[in-house]
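Note that UniProt numbering has the sequence shown beginning at 1, numbered continuously upward. These notes are about the structure you will find just below.
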Amino acid sequence: MSSTSSTSTVIVTGAAGALGKAVARRFAEDGAFLLLVDVDAAALAQVHAATPDAVCIAANLGDAQDTSARLGAALEKHGPASVLCNIAGGFDYSGDAHAADAGIWQRMFDMNVATLVNASRAVVPGMLSAGRGKIVNVAAASAASGKAGMAPYVASKSAVARITESMALELRDRGINVNAVAPSILDTPANRSAMPEADFTRWVPLASLAAAIRFLASDEAADIHGAILPVTGRV
1 MSSTSSTSTV IVTGAAGALG KAVARRFAED GAFLLLVDVD AAALAQVHAA
51 TPDAVCIAAN LGDAQDTSAR LGAALEKHGP ASVLCNIAGG FDYSGDAHAA
101 DAGIWQRMFD MNVATLVNAS RAVVPGMLSA GRGKIVNVAA ASAASGKAGM
151 APYVASKSAV ARITESMALE LRDRGINVNA VAPSILDTPA NRSAMPEADF
201 TRWVPLASLA AAIRFLASDE AADIHGAILP VTGRV
């Protein structure tokens, strides 16, 4: 694939997490220059210690001002991003929707929606100036319909899908592709620990989802706008 190279700047948010690490590794294989963002500075540095050329940025993406300041400084120094991978996010069970407290609703939207919106607000102006860019978001296969005990999560991930589609319509004529992947259960250590009796061979390997994200960031996906790509393994 030809869209990322040593001349490309790729931003990966949530880069200290399992998926963020896999996505960063996939773009590093292409020789891309990486700006890796996470709220946990220590974990970020530890996870990417073997990628000395990457720039690690500690930022609270749920906070618009912090995101603007920290990403803005990095982009001013290194130039506009070619690719933004909005990986930062999270999941939590909530119980019945009517009984879920305000905190979990706020937390799911902060983690899954505010992070995407704040990062995009900081990054898209540079892409517009350059006349090109790729944005890949992470929706969820489970958010295609309501799920018992998961209303705040599926609502937030449904919002990710609709934001992706809206941004795609807004930016497609200005050189920017916006798409999303919609995974089912990812094969991560945390998910194996949480579901020890499950058949994890049916889950989505991190490398597979990273490859799908890499495809949507490539020139081969130049004519794809507003897609919500299911990546579901055999779940």
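Cβ atoms here follow ideal geometry from the backbone N, Cα and C, with glycine treated the same way.
Asked	Found
Tell me whether the beta-carbon of SER156 lies closer than 8 Å to the beta-carbon of ASN112.	yes
Less than 8 Å between the CB atoms is what I'm expecting for VAL181 and VAL138, so what's the real figure, rounded?	6 Å
Hey, could you find the ends of the alpha helix (DSSP H) LEU216 is sitting in?	206-216
Buried or exposed: where does LYS134 fall if 16 or more other Cβ atoms within 10 Å of its Cβ makes it buried?	buried
Could you tell me which residues DSSP pairs with PHE33 in its beta bridges?	THR9
Taking the alpha carbon of LEU229 as the reference point, which residue from TRP203, ASP187, ALA190, GLU165 has its own alpha carbon closest?	GLU165
Tell me which same chain residues have a C-beta within less than 8 Å of the C-beta of SER193, skipping the five on either side of it?	none
How far does the beta strand (DSSP E) with PRO230 in it extend, from its first residue to its last?	228-231
Does the separation of the CB atoms of THR9 and SER82 fall below 8 Å?	yes
Can you find the residues in the same chain that come closer than 6 Å, C-beta to C-beta, to TRP105, ignoring five residues on each side of it along the sequence?	PRO152
Please identify the residue among ILE213, LEU75, SER158, ASP101 whose C-alpha is closest to the C-alpha of ARG121.	LEU75
Would you give the residue range spanned by the beta strand (DSSP E) that LYS157 belongs to?	Run containing LYS157: none in the beta strand (DSSP E); it sits in the alpha helix (DSSP H), 151-171.
Just checking, does the segment 198-216 make contact with the segment 116-131 on the three C-beta pairs under 8 Å criterion?	no
According to DSSP, which residues form a beta bridge with ASN118?	BP columns for ASN118 are empty, so no partner.
Determine the extent of the alpha helix (DSSP H) in which GLY79 is found, giving its start and end residues.	Neither: GLY79 is in no alpha helix (DSSP H) and is coded neither H nor E.
Take the Cβ of PRO183 as the centre, count every other Cβ of all protein chains shown within 10 Å, and call the residue buried at 16 or more, exposed below.	buried
On a CA-only basis, which of GLY20, VAL12, ILE11 is nearest THR188? Give me that one, please.	GLY20
Measuring CA to CA, which of SER158, ALA130, LEU84 is closest to SER142?	SER158
Can you check which of these residues, PHE215, LEU186, GLU197, is closest to THR232 by C-alpha distance?	LEU186
Go ahead and pull the three-state DSSP assignment for LYS147.	coil
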